[in-house]
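Numbering (my numbering), first residue to last: 11 to 169.
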């Protein structure tokens with residue numbers, strides 16, 4: 011009697027069939043999960059960048075401006091040494107980020123501007139504001155910046 015090792019053709023086809031059924035079930039869930047994950051990741055990146063700007067403002071005892079460019083989906087942060095609310099040649103860019111594809115800045119509300127400033131005590135200019143970030147599936151998240159400079163994510167919402 012000969013001992014054989016390995017799999018039979020029937021066993022291999024059965025395993026391939028089971029894997030095909032599992033993939034058919036898993037792929038639609040993955041496709042719907044991915045945009046939500048990207049939105050959350052981009053929101054956390056923006057929050058982290060704003061917290062960094064606040065930290066630099068306090069650490070270096072300067073004003074740091076955070077500008078949001080809705081048209082190009084970009085965020086620009088720079089120190090404002092002369093307090094003119096504009097970036098001058100001697101004021102370096104602390105951070106300039108573009109949002110990933112499929113993610114956009116939907117709305118920025120800081121009074122009449124698309125920008126705000128952290129002062130040397132870490133306080134936000136004006137009364138704070140909100141940033142709304144959206145993905146291609148009309149899901150949104152918001153970041154709230156209050157007057158004291160604290161920022162937090164308000165959550166994900168389907169539109």
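For every residue, glycine included, the Cβ atom is placed at its ideal position computed from N, Cα and C.
query, result
"Residue of 123, 129, 144 minimising C-alpha distance to residue 111", "144"
"Own chain partners of residue 48 with C-beta closer than 8 Å, once the 5 adjacent residues on each side are dropped", "110, 112, 113, 145"
"Buried/exposed call for residue 36, threshold 16 Cβ in 10 Å", "exposed"
"DSSP bridge partner residues for residue 126 (one or two, in chain order)", "76"
"Terminal residues of the alpha helix (DSSP H) in which residue 55 lies", "19-70"
"Counted within 10 angstroms of its Cβ, other Cβ atoms place residue 51 as buried (16 or more) or exposed", "exposed"
"Residue interval of the beta strand (DSSP E) (run including residue 2)", "Within the shown structure, residues of the chain are numbered from 11 to 169, placing residue 2 beyond reach of any answer."
"Inter-residue spacing [alpha-carbon to alpha-carbon] between residue 24 and residue 34", "15 Å"
"CB contact flag (residue 101, residue 88, <9 Å)", "yes"
"Residue 39 to residue 32 span [Cα, whole Å]", "11 Å"
"Residue environment, residue 85, which counts as buried when at least 16 other CB atoms sit within 10 Å", "buried"
"Per-residue DSSP class, three states only, for residue 131", "coil"
"Where the beta strand (DSSP E) through residue 84 begins and ends", "84-90"
"Euclidean distance between Cα positions of residue 122 and residue 76", "14 Å"
"Residue range of the unbroken beta strand (DSSP E) whose run includes residue 114", "113-119"
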